[in-house]
Every structure is written in structure tokens, then in C-alpha cells.
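Peer 1: With the numbering used here applied, the sequence shown corresponds to residues 143 to 250, in that order. For glycine and all other residues, C-beta sits at the position ideal for the given N, C-alpha and C. Dropping a structure here in C-alpha cells format, bear with me for questions.
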Amino acid sequence: MEMKIRNYKLDALKMCLIISVIFGHIPLLAGFIDLHLPSNYDLLTMHAMKGIYAFHMPLFVLISGYFTRRQPLRAQFKKSLRLLRLFIVFQVIDILIRHVFMGGEHFH
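Given below as C-alpha cells:
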């Protein structure tokens, strides 16, 4: 059995990406950026967020693809469909909750 050597550089890169996701969401969670009023954006915060969002998600996808196991296309498609169904279910639940509790006012 072949022993795999752990690549600590990739671990460090994943850690930096996770931290960038956290820092990218802090302005949203702290209320610094109101998603419904784009004219109130702080210029420095907006540029920092755009910079973080420009690279961290594409890099996450790239690294995730690097670590995935090779599977037949049919098995990948079945997994993708399962995730898509789950996504649709939660989107419908989210829409219903917003409609019931917010009166549909946040639908644009």
C-alpha cells in the first residue's frame, strides 16, 4: 500500500481561503453593507469584498477538484442531481418563509 505524503502548502492555502470567506462575510453580518441600498456602500469595504470574492470561490472550486476522487460520469451526475434536488427544496422553503414572515416584500 502506497503512503501518501500530505501537502502542507495546500493545507495552508485552504486555511487562507477559509479565513478570506470569513472576512468577506463580516461586513454583511455586521450590517456594514446593506444589500438593499447599494448607494450606502463604504468604498474601502466594497473594494475589499470585491477583491476577496474575485479569487476565493474560484480557488475553492479548483482545490476541491484537485482533491476529488475520479468517478464515472454517471456517478458524478447522480450526485449532482441529488444536490440539485436538495438545493431546490431549500430554495422553495426559503421563498415560503420569506413570503409568510416578510410578506413578500424582499422579492425583487
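#1: For Gly-166 and Met-191, which I take to be in contact (beta-carbon distance under 8 angstroms), what is that distance rounded to the nearest angstrom?
#2: Just to check my reading of the structure: Leu-159 and Phe-202 have Cβ atoms closer than 8 angstroms, yes? What is that Cβ distance to the nearest angstrom?
#3: So what does DSSP say about Thr-187, is it helix, strand or coil?
#4: Going by CA-CA distance only, name the one from Lys-156, Leu-185 and Leu-215 that's closest to Pro-200.
#5: To the nearest whole angstrom, what separates the beta carbons of Ser-162 and His-189, a pair I think is in contact under 8 angstroms?
Peer 2: By the coordinates alone:
#1: Within the sequence shown, numbered from 1, the residue matching residue 166 stands at position 24. Within the sequence shown, numbered from 1, the residue matching residue 191 stands at position 49. That pair is a contact at about 6 angstroms.
#2: Against the sequence shown, residue 159 aligns to sequence position 17. Against the sequence shown, residue 202 aligns to sequence position 60. Distance from Leu-159 to Phe-202 at the Cβ level is roughly 6 angstroms; contact confirmed, criterion being Cβ atoms closer than 8 angstroms.
#3: Locating residue 187 in the sequence shown gives position 45, counting from the first residue. Correct three-state label for Thr-187: helix.
#4: Position 58 of the sequence shown, counted from the first residue, corresponds to residue 200. Selected option, being the one with the closest Cα: Lys-156.
#5: Counted from its first residue, the sequence shown places residue 162 at position 20. Counted from its first residue, the sequence shown places residue 189 at position 47. Actually they do not touch by this definition, with Cβ atoms about 14 angstroms apart.
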